[in-house]
Amino acid sequence: MSLTPEAVHHIARLARIAMNADEEKATRDKLDGIFALIEAMQAVDTTGVEPMSHPQDIAQRLRPDEVTESDRRDAFQNIAPQTAGGLYLVPRVIE
Numbered sequence: 034m035s036l037t038p039e040a041v042h043h044i045a046r047l048a049r050i051a052m053n054a055d056e057e058k059a060t061r062d063k064l065d066g067i068f069a070l071i072e073a074m075q076a077v078d079t080t081g082v083e084p085m086s087h088p089q090d091i092a093q094r095l096r097p098d099e100v101t102e103s104d105r106r107d108a109f110q111n112i113a114p115q116t117a118g119g120l121y122l123v124p125r126v127i128e
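Numbering (this note's numbering) for the sequence shown: 34 to 128.
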């Protein structure tokens with residue numbers, strides 16, 4: 034797949050990027066290279082290849098799911114301007 038200069042100009046306009054003719058040519062060449070790489074990768078036969086979530090076979094180290102903070106809800110409720118029934122009351126902004 035090869036991009037036309039008009040397509041590169043259209044993409045630049047959509048992205049709100051100002052480009053002169055030389056920059057558009059350089060960008061077109063780079064995008065054509067990317068599309069060529071994608072086409073080459075799609076041409077590879079991947080039948081029987083199992084998808085991987087990571088290129089290396091490693092395990093994720095997980096920490097124990099433990100509570101590390103104390104419950105400070107009452108302290109925060111005491112310094113709030115207005116509360117009712119354990120909820121914070123705020124001024125109405127949408128009517």
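Quick reminder that beta carbons are idealized off the backbone N, C-alpha and C, glycines included. Predicted model, so just to flag it, every value in this text is computed and none were measured.
Query raised in the report: Which first and last residues belong to the alpha helix (DSSP H) in which Pro97 is found?
Result: Counted from its first residue, the sequence shown places residue 97 at position 64. No alpha helix (DSSP H) contains Pro97, which DSSP labels as neither H nor E.
Query raised in the report: Just checking, does the stretch 57 to 76 make contact with the stretch 84 to 97 on the three C-beta pairs under 8 angstroms criterion?
Result: no
Report task. Look up Thr116 in the DSSP assignment and say whether it is helix, strand or coil. Result -> The count along the sequence shown starts at 1 and reaches residue 116 at position 83. Here Thr116 sits in strand by DSSP.
**Report entry** Where the alpha helix (DSSP H) through Arg46 begins and ends
**Finding:** Counting from one through the sequence shown, the residue named residue 46 turns up at place 13. Residues Pro38 to Leu47.
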